[in-house]
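In UniProt numbering, the protein residues as written are 1 to 280.
This is the structure we're talking about:
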């Protein structure tokens with residue numbers, strides 16, 4: 001490990017957004033992504049983000065984008081889809097995509113209509129799991145259309161009572177919200193189940209009085225992986241899974257885009273399209 005000192009005159013560049021879809025301009029010799037390749041990626045948080053005309057990605061972050069998606073749809077995929085893929089097939093400890101181990105497994109996804117939730121529902125159902133999604137009542141049919149076997153309105157369902165009914169408890173919870181949604185989700189777990197959090201460590205919201213035993217709880221942050229993204233790409237090319245775009249904004253409209261994201265009501269992803277700035 002080496003020490004890096006940054007003086008006041010060397011402040012790191014702060015650029016937002018770590019999803020990108022674009023065309024390769026330059027690449028090292030023998031790179032699988034030659035200049036002209038149309039690619040997408042979730043790039044590392046350790047580098048400046050991608051809300052700019054030119055950005056940098058490493059070869060292991062990149063995948064060729066699906067030709068059957070638009071540029072906007074492509075940009076909506078990497079971060080959310082890779083997070084979902086790694087939650088289910090790396091962190092959950094059940095099995096890989098399509099493994100028979102998923103048959104009969106019950107998975108609860110909070111914020112199932114959100115950016116990560118839409119991928120958890122689609123990929124989980126495709127892998128053979130029974131997926132239960134939480135969302136508002138207005139998004140219930142939308143989430144069912146993604147592949148959820150059951151949808152729970154987080155505003156009206158008593159999760160403690162629901163989880164106490166025979167046959168309702170789940171093997172895996174993937175929480176995409178934190179806070180009360182995470183606390184409620186604890187009541188749905190089977191003994192020996194797993195609860196994953198991508199916003200808040202699940203142990204911080206375990207309810208008092210909950211008696212379920214042998215539960216594994218994990219907080220994780222996804223790792224950029226072109227390999228995982230390529231697996232998702234196959235599903236998109238086969239039209240088995242699809243990105244959901246809530247809204248599209250020019251970069252100059254970033255305040256409106258982030259307001260939409262932070263409202264908690266976005267269905268799928270909020271996307272900044274840099275070409276909208278060029279077209280003016």
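Even for Gly, the Cβ is constructed at its ideal location relative to N, Cα and C.
As the structure is a prediction and not an experimental result, all values here were calculated from the model.
Short Cβ contact (8 Å threshold) for residue i with residue j
{"i": "residue 40", "j": "residue 77", "result": "yes"}
{"i": "residue 213", "j": "residue 171", "result": "no"}
{"i": "residue 72", "j": "residue 248", "result": "yes"}
{"i": "residue 219", "j": "residue 192", "result": "no"}
{"i": "residue 264", "j": "residue 118", "result": "no"}
{"i": "residue 111", "j": "residue 177", "result": "yes"}
{"i": "residue 18", "j": "residue 79", "result": "yes"}
{"i": "residue 51", "j": "residue 16", "result": "yes"}
{"i": "residue 132", "j": "residue 85", "result": "no"}
{"i": "residue 210", "j": "residue 187", "result": "yes"}
{"i": "residue 287", "j": "residue 155", "result": "Nothing about residue 287 can be reported from this structure: the residues present for the chain run from 1 to 280 only."}
{"i": "residue 114", "j": "residue 266", "result": "yes"}
{"i": "residue 287", "j": "residue 64", "result": "Outside the shown range of the chain, which is 1 to 280, sits residue 287, and nothing can be said about it."}
{"i": "residue 93", "j": "residue 102", "result": "no"}
{"i": "residue 199", "j": "residue 175", "result": "yes"}
Enclosing alpha helix (DSSP H) for residue i [first to last residue]
{"i": "residue 159", "result": "159-163"}
{"i": "residue 33", "result": "Neither: residue 33 is in no alpha helix (DSSP H) and is coded neither H nor E."}
{"i": "residue 283", "result": "With the chain running from 1 to 280 in the structure shown, residue 283 is simply not present."}
{"i": "residue 145", "result": "140-146"}
Contacting residues, own chain, Cβ-Cβ under 6 Å from residue i (five flanking each side not counted)
{"i": "residue 224", "result": "42, 44, 61"}
{"i": "residue 235", "result": "241"}
{"i": "residue 75", "result": "19, 21, 271"}
{"i": "residue 261", "result": "270"}
{"i": "residue 66", "result": "233, 236, 237"}
Residue i in three-state terms, based on DSSP
{"i": "residue 121", "result": "helix"}
{"i": "residue 218", "result": "strand"}
{"i": "residue 50", "result": "coil"}
{"i": "residue 70", "result": "coil"}
{"i": "residue 213", "result": "coil"}
{"i": "residue 262", "result": "helix"}
{"i": "residue 183", "result": "helix"}
{"i": "residue 136", "result": "coil"}
{"i": "residue 205", "result": "helix"}
{"i": "residue 112", "result": "coil"}
{"i": "residue 79", "result": "helix"}
{"i": "residue 193", "result": "strand"}
{"i": "residue 155", "result": "coil"}
{"i": "residue 166", "result": "coil"}
{"i": "residue 90", "result": "helix"}
{"i": "residue 103", "result": "coil"}
{"i": "residue 129", "result": "coil"}
{"i": "residue 149", "result": "coil"}
{"i": "residue 41", "result": "strand"}
{"i": "residue 14", "result": "coil"}
Proximity test, Cβ basis, 8 Å: residue i and chain C
{"i": "residue 252", "result": "Although the question refers to chain C, the structure presented lacks it and comprises just one protein chain."}
Cβ distance (whole Å) where residue i is taken to contact residue j below 8 Å
{"i": "residue 148", "j": "residue 116", "result": "Residue 148 to residue 116, Cβ: 14 Å. No contact."}
{"i": "residue 189", "j": "residue 157", "result": "15 Å between Cβ atoms; not a contact."}
{"i": "residue 107", "j": "residue 129", "result": "5 Å"}
{"i": "residue 217", "j": "residue 208", "result": "Residue 217 to residue 208, Cβ: 15 Å. No contact."}
{"i": "residue 59", "j": "residue 33", "result": "7 Å"}
Where the beta strand (DSSP E) containing residue i begins and where it ends
{"i": "residue 247", "result": "245-249"}
{"i": "residue 269", "result": "269-272"}
{"i": "residue 199", "result": "Per DSSP, residue 199 belongs to no beta strand (DSSP E) and is neither H nor E."}
{"i": "residue 64", "result": "62-64"}
{"i": "residue 20", "result": "19-23"}
Beta-carbon proximity list for residue i, same chain, < 7 Å, skipping 5 on both sides
{"i": "residue 5", "result": "Confidence at residue 5 is low in this model, with a pLDDT of 42, below 50, so the placement of that residue should be treated as unreliable; the coordinate-derived value is given next. Nothing listed; no residue qualifies."}
{"i": "residue 146", "result": "118, 121, 122"}
{"i": "residue 281", "result": "Only positions 1 to 280 of the chain appear in the structure, and residue 281 is not among them; the question remains open."}
{"i": "residue 251", "result": "51, 272, 274, 277"}
{"i": "residue 47", "result": "56"}
{"i": "residue 230", "result": "63"}
Other residues of its chain near residue i: CB distance less than 8 Å, five sequence neighbours each side excluded
{"i": "residue 69", "result": "77, 236, 243"}
{"i": "residue 183", "result": "205, 206, 207"}
{"i": "residue 166", "result": "none"}
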